[in-house]
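Data first, discussion second: the structure below is written as C-alpha coordinates.
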Amino acid sequence: MDDPRAAIDVRVHRILGWLRDVAGPTGVAADEIHARLVQASEGGKAFRGRLVIAAAEACGGASEADVVGVAAALELFQTAALIHDDVLDGSDMRRGRPATHRAFEASHRARGGLGEPAAYGTAGAILAGDIALVAALHAAAEVSYAADPRIEPLFAEMAVLVTAGQHLDMHEATVPLDAERLPEAVQTVMRSKTASYTAEMPLALGAALAGADDAVVAAVRDAGVPLGIAFQLRDDVLGVLGASDVTGKPVGDDLREGKRTLLIAHVLAHGTAAQRADVLAVLGDPQAGAPDIDAAIAALRASGAVDAVEQAIAAAAGHARAALHAALPDPTPVLALVDAAIDRAS
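Number 516 marks the last residue of the sequence shown (the numbering used here); no jumps.
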(Lines of atoms letter the chains of each structure in order from A; the text may use other names.)
(Lines give C-alpha, C1' and ligand atoms only; values in the text may rest on other atoms or scores of the structure.)
Protein backbone atom coordinates (compact mmCIF):
# COMPACT_ATOMS: atom_id res chain seq x y z
CA MET A 171 0.00 0.00 0.00
CA ASP A 172 1.63 3.23 -1.16
CA ASP A 173 0.05 5.59 1.38
CA PRO A 174 -1.73 3.79 4.26
CA ARG A 175 -2.61 7.00 6.05
CA ALA A 176 -4.33 8.47 2.99
CA ALA A 177 -6.26 5.25 2.40
CA ILE A 178 -7.45 5.25 6.03
CA ASP A 179 -8.52 8.90 5.81
CA VAL A 180 -10.53 8.24 2.65
CA ARG A 181 -12.36 5.34 4.30
CA VAL A 182 -13.01 7.28 7.51
CA HIS A 183 -14.54 10.16 5.55
CA ARG A 184 -16.64 7.70 3.56
CA ILE A 185 -18.01 6.20 6.78
CA LEU A 186 -18.66 9.66 8.21
CA GLY A 187 -20.57 10.49 5.04
CA TRP A 188 -22.64 7.37 5.58
CA LEU A 189 -23.36 8.53 9.13
CA ARG A 190 -24.57 11.89 7.86
CA ASP A 191 -26.83 10.20 5.31
CA VAL A 192 -28.32 7.82 7.88
CA ALA A 193 -28.92 10.71 10.29
CA GLY A 194 -30.29 12.84 7.42
CA PRO A 195 -33.86 13.05 8.77
CA THR A 196 -32.53 14.93 11.80
CA GLY A 197 -31.47 17.83 9.59
CA VAL A 198 -29.30 20.29 11.46
CA ALA A 199 -28.27 17.66 14.00
CA ALA A 200 -26.86 15.43 11.26
CA ASP A 201 -24.88 18.36 9.83
CA GLU A 202 -23.53 19.51 13.17
CA ILE A 203 -22.52 16.03 14.35
CA HIS A 204 -20.91 15.28 11.00
CA ALA A 205 -18.91 18.53 11.12
CA ARG A 206 -17.70 17.84 14.65
CA LEU A 207 -16.71 14.24 13.84
CA VAL A 208 -14.82 15.27 10.72
CA GLN A 209 -12.87 17.76 12.80
CA ALA A 210 -12.27 15.29 15.65
CA SER A 211 -10.99 12.59 13.31
CA GLU A 212 -8.35 14.83 11.73
CA GLY A 213 -4.86 15.67 12.89
CA GLY A 214 -3.78 12.39 14.46
CA LYS A 215 -1.06 10.03 13.26
CA ALA A 216 -3.43 7.07 12.68
CA PHE A 217 -0.93 4.87 14.52
CA ARG A 218 -3.48 2.21 15.40
CA GLY A 219 -4.89 1.95 11.90
CA ARG A 220 -1.42 1.83 10.36
CA LEU A 221 -0.46 -0.86 12.87
CA VAL A 222 -3.33 -3.05 11.62
CA ILE A 223 -2.03 -2.67 8.07
CA ALA A 224 1.57 -3.34 9.12
CA ALA A 225 0.57 -6.45 11.10
CA ALA A 226 -1.37 -7.83 8.13
CA GLU A 227 1.65 -7.22 5.91
CA ALA A 228 3.95 -8.90 8.42
CA CYS A 229 1.72 -11.99 8.33
CA GLY A 230 1.68 -12.31 4.55
CA GLY A 231 -0.82 -9.66 3.49
CA ALA A 232 -4.59 -9.40 3.14
CA SER A 233 -7.26 -7.72 1.05
CA GLU A 234 -6.58 -3.98 0.97
CA ALA A 235 -10.27 -3.18 1.25
CA ASP A 236 -10.66 -5.35 4.36
CA VAL A 237 -7.49 -4.11 6.05
CA VAL A 238 -8.30 -0.46 5.41
CA GLY A 239 -11.86 -1.08 6.60
CA VAL A 240 -10.66 -2.37 9.97
CA ALA A 241 -8.02 0.36 10.21
CA ALA A 242 -10.70 2.99 9.63
CA ALA A 243 -12.93 1.34 12.23
CA LEU A 244 -10.10 1.60 14.76
CA GLU A 245 -9.54 5.25 13.96
CA LEU A 246 -13.26 5.95 14.43
CA PHE A 247 -13.12 4.12 17.75
CA GLN A 248 -10.15 6.31 18.68
CA THR A 249 -12.17 9.39 17.72
CA ALA A 250 -15.05 8.29 19.95
CA ALA A 251 -12.70 7.50 22.82
CA LEU A 252 -10.93 10.86 22.63
CA ILE A 253 -14.20 12.80 22.45
CA HIS A 254 -15.51 11.06 25.56
CA ASP A 255 -12.13 11.26 27.30
CA ASP A 256 -12.00 15.03 26.84
CA VAL A 257 -15.47 15.37 28.34
CA LEU A 258 -14.51 13.24 31.33
CA ASP A 259 -11.25 15.14 31.87
CA GLY A 260 -12.70 18.58 31.16
CA SER A 261 -9.99 19.16 28.54
CA ASP A 262 -10.17 22.33 26.49
CA MET A 263 -7.84 21.33 23.64
CA ARG A 264 -7.22 18.29 21.46
CA ARG A 265 -4.62 18.18 18.69
CA GLY A 266 -4.16 21.93 18.85
CA ARG A 267 -7.88 22.69 18.41
CA PRO A 268 -10.85 23.08 20.76
CA ALA A 269 -12.04 19.74 22.13
CA THR A 270 -15.32 18.53 20.64
CA HIS A 271 -17.46 19.56 23.61
CA ARG A 272 -15.89 23.02 23.45
CA ALA A 273 -16.66 23.21 19.72
CA PHE A 274 -20.33 22.33 20.36
CA GLU A 275 -20.35 24.89 23.17
CA ALA A 276 -18.94 27.57 20.86
CA SER A 277 -21.56 26.87 18.18
CA HIS A 278 -24.30 27.27 20.81
CA ARG A 279 -22.92 30.66 21.81
CA ALA A 280 -22.42 31.79 18.21
CA ARG A 281 -26.09 31.30 17.35
CA GLY A 282 -27.36 32.66 20.67
CA GLY A 283 -28.97 29.37 21.69
CA LEU A 284 -31.20 29.07 24.72
CA GLY A 285 -29.94 27.28 27.81
CA GLU A 286 -26.41 26.68 29.06
CA PRO A 287 -23.72 26.46 26.34
CA ALA A 288 -21.53 24.17 28.48
CA ALA A 289 -24.35 21.68 29.03
CA TYR A 290 -25.13 21.70 25.32
CA GLY A 291 -21.46 21.12 24.53
CA THR A 292 -21.16 18.18 26.90
CA ALA A 293 -24.35 16.53 25.64
CA GLY A 294 -23.39 17.06 22.00
CA ALA A 295 -19.95 15.54 22.49
CA ILE A 296 -21.31 12.49 24.31
CA LEU A 297 -23.83 11.86 21.54
CA ALA A 298 -21.30 12.45 18.75
CA GLY A 299 -18.89 10.06 20.44
CA ASP A 300 -21.65 7.47 20.74
CA ILE A 301 -22.41 7.74 17.03
CA ALA A 302 -18.71 7.40 16.15
CA LEU A 303 -18.55 4.28 18.32
CA VAL A 304 -21.59 2.75 16.61
CA ALA A 305 -20.01 3.47 13.23
CA ALA A 306 -16.74 1.86 14.31
CA LEU A 307 -18.48 -1.31 15.49
CA HIS A 308 -20.56 -1.44 12.32
CA ALA A 309 -17.47 -1.08 10.10
CA ALA A 310 -15.64 -3.83 11.97
CA ALA A 311 -18.66 -6.15 11.83
CA GLU A 312 -18.93 -5.69 8.06
CA VAL A 313 -15.35 -6.84 7.56
CA SER A 314 -15.81 -9.69 10.03
CA TYR A 315 -18.75 -10.97 8.03
CA ALA A 316 -16.89 -10.69 4.71
CA ALA A 317 -13.33 -11.63 5.66
CA ASP A 318 -12.80 -13.38 9.00
CA PRO A 319 -15.28 -14.14 11.79
CA ARG A 320 -12.65 -13.32 14.43
CA ILE A 321 -12.65 -9.59 13.62
CA GLU A 322 -15.90 -8.56 15.30
CA PRO A 323 -15.31 -10.45 18.58
CA LEU A 324 -11.77 -9.04 18.86
CA PHE A 325 -13.03 -5.52 18.18
CA ALA A 326 -15.91 -5.86 20.64
CA GLU A 327 -13.60 -7.23 23.35
CA MET A 328 -11.31 -4.26 22.80
CA ALA A 329 -14.18 -1.77 23.05
CA VAL A 330 -15.42 -3.24 26.33
CA LEU A 331 -11.95 -3.41 27.86
CA VAL A 332 -11.09 0.18 26.94
CA THR A 333 -14.40 1.51 28.25
CA ALA A 334 -14.10 -0.39 31.52
CA GLY A 335 -10.49 0.78 31.75
CA GLN A 336 -11.68 4.37 31.43
CA HIS A 337 -14.02 3.81 34.35
CA LEU A 338 -11.16 2.26 36.34
CA ASP A 339 -9.09 5.37 35.61
CA MET A 340 -11.90 7.54 36.98
CA HIS A 341 -12.29 5.27 40.01
CA GLU A 342 -8.59 5.46 40.80
CA ALA A 343 -8.79 9.25 40.75
CA THR A 344 -11.21 9.03 43.71
CA VAL A 345 -8.80 6.93 45.81
CA PRO A 346 -6.36 8.80 48.08
CA LEU A 347 -2.84 8.90 46.70
CA ASP A 348 -0.75 6.06 48.09
CA ALA A 349 2.85 5.70 46.97
CA GLU A 350 2.81 1.94 47.62
CA ARG A 351 -0.28 0.99 45.61
CA LEU A 352 -0.10 3.66 42.89
CA PRO A 353 2.39 1.87 40.58
CA GLU A 354 0.24 -1.26 40.37
CA ALA A 355 -2.93 0.79 39.89
CA VAL A 356 -1.32 2.76 37.05
CA GLN A 357 -0.15 -0.45 35.37
CA THR A 358 -3.66 -1.92 35.54
CA VAL A 359 -5.19 1.17 33.95
CA MET A 360 -2.56 1.26 31.21
CA ARG A 361 -3.05 -2.40 30.40
CA SER A 362 -6.82 -2.10 29.99
CA LYS A 363 -7.46 1.45 28.86
CA THR A 364 -4.51 1.96 26.53
CA ALA A 365 -2.55 -1.17 25.67
CA SER A 366 -5.62 -3.07 24.48
CA TYR A 367 -6.52 -0.67 21.68
CA THR A 368 -3.17 0.95 21.04
CA ALA A 369 -1.27 -2.22 20.17
CA GLU A 370 -2.71 -5.52 21.42
CA MET A 371 -5.86 -5.57 19.31
CA PRO A 372 -4.52 -3.72 16.25
CA LEU A 373 -1.81 -6.39 15.97
CA ALA A 374 -4.33 -9.19 16.52
CA LEU A 375 -6.78 -7.74 13.99
CA GLY A 376 -4.08 -7.36 11.35
CA ALA A 377 -2.86 -10.92 11.89
CA ALA A 378 -6.41 -12.30 11.72
CA LEU A 379 -7.08 -10.43 8.47
CA ALA A 380 -3.99 -12.02 6.96
CA GLY A 381 -5.31 -15.48 7.87
CA ALA A 382 -2.80 -16.17 10.65
CA ASP A 383 -3.73 -19.08 12.89
CA ASP A 384 -5.02 -18.57 16.42
CA ALA A 385 -1.59 -19.21 17.96
CA VAL A 386 -0.05 -16.33 16.01
CA VAL A 387 -2.97 -14.04 16.86
CA ALA A 388 -2.49 -14.89 20.54
CA ALA A 389 1.26 -14.31 20.29
CA VAL A 390 0.93 -10.86 18.77
CA ARG A 391 -1.68 -9.97 21.39
CA ASP A 392 0.86 -10.86 24.06
CA ALA A 393 3.48 -8.72 22.32
CA GLY A 394 1.04 -5.84 22.07
CA VAL A 395 0.56 -5.47 25.81
CA PRO A 396 4.10 -4.25 26.66
CA LEU A 397 4.14 -2.30 23.41
CA GLY A 398 0.95 -0.47 24.36
CA ILE A 399 2.30 0.22 27.84
CA ALA A 400 5.51 1.65 26.37
CA PHE A 401 3.39 3.83 24.10
CA GLN A 402 1.34 5.11 27.06
CA LEU A 403 4.44 5.80 29.13
CA ARG A 404 5.84 7.86 26.26
CA ASP A 405 2.55 9.78 26.12
CA ASP A 406 2.77 10.36 29.88
CA VAL A 407 6.22 11.90 29.52
CA LEU A 408 5.03 14.04 26.62
CA GLY A 409 1.91 15.01 28.57
CA VAL A 410 4.12 16.67 31.18
CA LEU A 411 7.24 17.71 29.29
CA GLY A 412 6.13 17.88 25.66
CA ALA A 413 5.89 21.16 23.80
CA SER A 414 2.42 22.31 22.81
CA ASP A 415 3.17 22.00 19.10
CA VAL A 416 3.99 18.31 19.70
CA THR A 417 1.14 17.35 22.04
CA GLY A 418 -1.59 19.76 20.92
CA LYS A 419 -2.15 20.65 24.59
CA PRO A 420 -0.61 23.19 26.99
CA VAL A 421 2.68 22.20 28.64
CA GLY A 422 2.01 20.29 31.84
CA ASP A 423 -1.65 19.71 31.04
CA ASP A 424 -1.58 16.19 32.50
CA LEU A 425 -0.53 17.68 35.82
CA ARG A 426 -3.43 20.15 35.77
CA GLU A 427 -5.81 17.30 34.96
CA GLY A 428 -4.47 15.33 37.94
CA LYS A 429 -3.43 12.37 35.81
CA ARG A 430 -1.91 9.62 37.91
CA THR A 431 1.12 8.18 36.18
CA LEU A 432 4.35 6.40 37.00
CA LEU A 433 5.99 9.84 37.03
CA ILE A 434 3.78 10.79 39.96
CA ALA A 435 4.25 7.42 41.63
CA HIS A 436 8.03 7.81 41.47
CA VAL A 437 8.19 11.30 42.95
CA LEU A 438 5.84 10.26 45.77
CA ALA A 439 7.99 7.24 46.60
CA HIS A 440 11.47 8.63 46.01
CA GLY A 441 11.28 12.43 45.93
CA THR A 442 12.19 14.78 48.74
CA ALA A 443 9.49 16.48 50.75
CA ALA A 444 10.01 19.68 48.75
CA GLN A 445 9.79 17.82 45.42
CA ARG A 446 6.59 16.07 46.48
CA ALA A 447 5.13 19.39 47.61
CA ASP A 448 5.93 21.06 44.27
CA VAL A 449 4.18 18.30 42.33
CA LEU A 450 1.18 17.96 44.63
CA ALA A 451 0.67 21.74 44.54
CA VAL A 452 -0.37 21.57 40.87
CA LEU A 453 -1.71 18.03 40.55
CA GLY A 454 -5.39 18.29 39.71
CA ASP A 455 -5.42 22.12 39.78
CA PRO A 456 -6.77 23.35 36.41
CA GLN A 457 -5.76 26.91 37.33
CA ALA A 458 -2.11 26.12 38.04
CA GLY A 459 0.10 28.80 36.48
CA ALA A 460 3.19 28.36 34.36
CA PRO A 461 5.71 29.09 37.19
CA ASP A 462 4.17 26.40 39.42
CA ILE A 463 4.03 23.93 36.51
CA ASP A 464 7.69 24.65 35.78
CA ALA A 465 8.55 23.98 39.44
CA ALA A 466 6.68 20.68 39.36
CA ILE A 467 8.44 19.61 36.16
CA ALA A 468 11.80 20.49 37.70
CA ALA A 469 10.88 18.41 40.75
CA LEU A 470 9.97 15.42 38.57
CA ARG A 471 13.31 15.64 36.81
CA ALA A 472 15.33 16.12 39.98
CA SER A 473 13.61 13.21 41.74
CA GLY A 474 14.66 10.84 38.96
CA ALA A 475 11.06 10.25 37.88
CA VAL A 476 11.68 11.08 34.22
CA ASP A 477 14.76 8.86 34.05
CA ALA A 478 12.88 6.02 35.76
CA VAL A 479 10.00 6.19 33.28
CA GLU A 480 12.43 6.33 30.35
CA GLN A 481 13.96 3.11 31.66
CA ALA A 482 10.49 1.56 31.94
CA ILE A 483 9.75 2.57 28.35
CA ALA A 484 12.96 0.96 27.14
CA ALA A 485 12.25 -2.24 29.07
CA ALA A 486 8.65 -2.59 27.86
CA ALA A 487 9.60 -1.78 24.27
CA GLY A 488 12.42 -4.31 24.43
CA HIS A 489 10.04 -7.05 25.58
CA ALA A 490 7.61 -6.12 22.80
CA ARG A 491 10.27 -6.14 20.09
CA ALA A 492 11.56 -9.55 21.19
CA ALA A 493 8.03 -10.98 21.25
CA LEU A 494 7.25 -9.56 17.80
CA HIS A 495 10.41 -11.12 16.36
CA ALA A 496 9.31 -14.47 17.80
CA ALA A 497 5.68 -14.19 16.66
CA LEU A 498 5.90 -12.76 13.14
CA PRO A 499 7.47 -14.18 10.00
CA ASP A 500 8.67 -10.70 9.02
CA PRO A 501 8.26 -8.13 11.82
CA THR A 502 9.92 -5.33 9.82
CA PRO A 503 6.70 -3.44 8.88
CA VAL A 504 5.53 -3.47 12.48
CA LEU A 505 8.88 -2.60 14.04
CA ALA A 506 9.26 0.46 11.82
CA LEU A 507 6.04 1.87 13.30
CA VAL A 508 6.95 0.77 16.82
CA ASP A 509 10.31 2.51 16.77
CA ALA A 510 8.82 5.75 15.46
CA ALA A 511 6.06 5.73 18.10
CA ILE A 512 8.18 4.82 21.13
CA ASP A 513 11.18 6.95 20.29
CA ARG A 514 9.33 10.14 19.34
CA ALA A 515 11.01 13.15 20.86
CA SER A 516 9.70 14.90 23.92
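Even for Gly, the Cβ is constructed at its ideal location relative to N, Cα and C. Values in this document were obtained by computation on a predicted structure and should not be read as measured data.
Express the C-alpha separation of V237 and A382 in angstroms, rounding to a whole number. The residue given as residue 382 occupies position 212 in the sequence shown. The residue given as residue 237 occupies position 67 in the sequence shown. In a straight line, the C-alpha of A382 is about 14 Å away from that of V237.
Per the DSSP calculation, L268 is bridged to which residue(s)? Counted from its first residue, the sequence shown places residue 268 at position 98. According to the sequence as given, residue 268 is Pro; it is not Leu. P268 pairs with M263.
For A365 versus A435, is the C-beta spacing smaller than 8 Å? To locate residue 365, count along the sequence shown from 1; it is residue 195. To locate residue 435, count along the sequence shown from 1; it is residue 265. Contact annotation: A365 and A435 have beta-carbon atoms that are not nearer than 8 Å.
Kindly indicate which residue of D384, A235 and A293 has the alpha-carbon position closest to the one of A310. Along the sequence shown, read from residue 1 onward, the residue named residue 310 stands at position 140. Closest option to A310, Cα to Cα, is A235.
Cα-Cα separation, S261 to G219: What you label residue 261 is simply residue 91 of the sequence shown in a count that begins at 1. What you label residue 219 is simply residue 49 of the sequence shown in a count that begins at 1. Using only the alpha carbons, I get a separation of about 24 Å.
Return yes when the Cβ of V452 is within less than 8 Å of the Cβ of A460, no when it is not. Here residue 460 corresponds to residue number 290 of the sequence shown, with the count starting at 1. Here residue 452 corresponds to residue number 282 of the sequence shown, with the count starting at 1. Cβ distance not < 8 Å, so A460 and V452 don't count as in contact.
Can the beta-carbon of Y290 be found less than 8 Å from the beta-carbon of G283? The count along the sequence shown starts at 1 and reaches residue 290 at position 120. The count along the sequence shown starts at 1 and reaches residue 283 at position 113. Against a cut-off of 8 Å, the Cβ pair of G283 and Y290 comes out as a contact.
Residue nearest to L438 in terms of C-alpha spacing, selected from I483, P456 and P346: Position 268 of the sequence shown, counted from the first residue, corresponds to residue 438. Closest by alpha carbon: P346.
If you measure between the beta carbons of L507 and F274, is that distance less than 8 Å? The sequence position of residue 507 within the sequence shown is 337, counting from 1. The sequence position of residue 274 within the sequence shown is 104, counting from 1. No, these two residues do not count as a Cβ contact at 8 Å.
Under the three-state reduction of DSSP, which class applies to K419: helix, strand or coil? What you label residue 419 is simply residue 249 of the sequence shown in a count that begins at 1. If DSSP states are grouped into helix, strand and coil, K419 belongs with coil.
Whole-angstrom distance between G197 and H158, CA atom to CA atom: It is not possible to answer for residue 158, since the shown part of the chain is limited to 171 through 516.
Specify the secondary structure class of V345 as computed by DSSP and reduced to three states. Residue 345 sits at position 175 when you count from the first residue of the sequence shown. In this structure, V345 counts as coil in the three-state DSSP scheme.
What span of residues does the alpha helix (DSSP H) with M371 cover, start to end? The count along the sequence shown starts at 1 and reaches residue 371 at position 201. In this chain, the alpha helix (DSSP H) harbouring M371 covers M371 to L379.
Are the beta-carbon atoms of G299 and A250 separated by less than 8 Å? Reading the sequence shown from its first residue, position 129 is the one you call residue 299. Reading the sequence shown from its first residue, position 80 is the one you call residue 250. For G299 and A250, yes; Cβs fall inside 8 Å.
Using a 10 Å radius around the Cβ and a threshold of 16 neighbouring Cβ atoms, would you call T344 buried or exposed? As a first step, residue 344 must be located in the sequence shown, where it is residue number 174. The residue in question, T344, is exposed, as its Cβ has fewer than 16 Cβ neighbours within 10 Å.
Q457 lies in the alpha helix (DSSP H); which residues open and close that run? Taking the sequence shown and counting its residues from 1, the one referred to as residue 457 is at position 287. Where Q457 is concerned, there is no enclosing alpha helix (DSSP H), given that its DSSP letter is neither H nor E.
Cβ-Cβ distance between A316 and A243 below 8 Å: Working through the sequence shown from its first residue, we reach residue 316 at position 146. Working through the sequence shown from its first residue, we reach residue 243 at position 73. Cβ atoms of A316 and A243: not closer than 8 Å.
Whole angstroms is fine: what's the gap from D513's alpha carbon to P195's? Looking up residue 513 in the sequence shown gives position 343. Looking up residue 195 in the sequence shown gives position 25. Approximately 47 Å between the Cα atoms of the pair.
Cβ-based neighbour list, D445, same chain, cut-off 7 Å, excluding 5 preceding and 5 following: The residue you call residue 445 lines up with position 275 of the sequence shown. The question names Asp, but residue 445 in the sequence shown is Gln. Once the five neighbours on either side are set aside, the close Cβ partners of Q445 are V437, A469, A472 and S473.
What distance in whole Å lies between the Cβ atoms of L207 and A302, which are believed to be in contact at a cut-off of 8 Å? As a first step, residue 302 is located in the sequence shown; it is residue number 132 there, counting from the start. As a first step, residue 207 is located in the sequence shown; it is residue number 37 there, counting from the start. That belief holds up - the Cβ atoms of A302 and L207 are roughly 6 Å apart, short of 8 Å.
At which residue ranges does the region 284 to 343 contain complete alpha helix (DSSP H) runs of 4 or more residues, listed in the order of the chain? 287 to 316 and 321 to 343
Buried or exposed: which applies to A510, given that a residue is buried once 16 or more other Cβ atoms fall within 10 Å of its Cβ? Numbered from 1 along the sequence shown, position 340 holds the residue referred to as residue 510. So A510 counts as exposed.
Take the Cβ of R184 as the centre, count every other Cβ of all protein chains shown within 10 Å, and call the residue buried at 16 or more, exposed below. On the sequence shown, residue 184 is found 14 positions in, with the first residue counted as 1. So R184 counts as exposed.
Burial state of P601 (16 or more Cβ within 10 Å): Residue 601 lies beyond the range of the chain shown here (171 to 516); nothing can be said about it.
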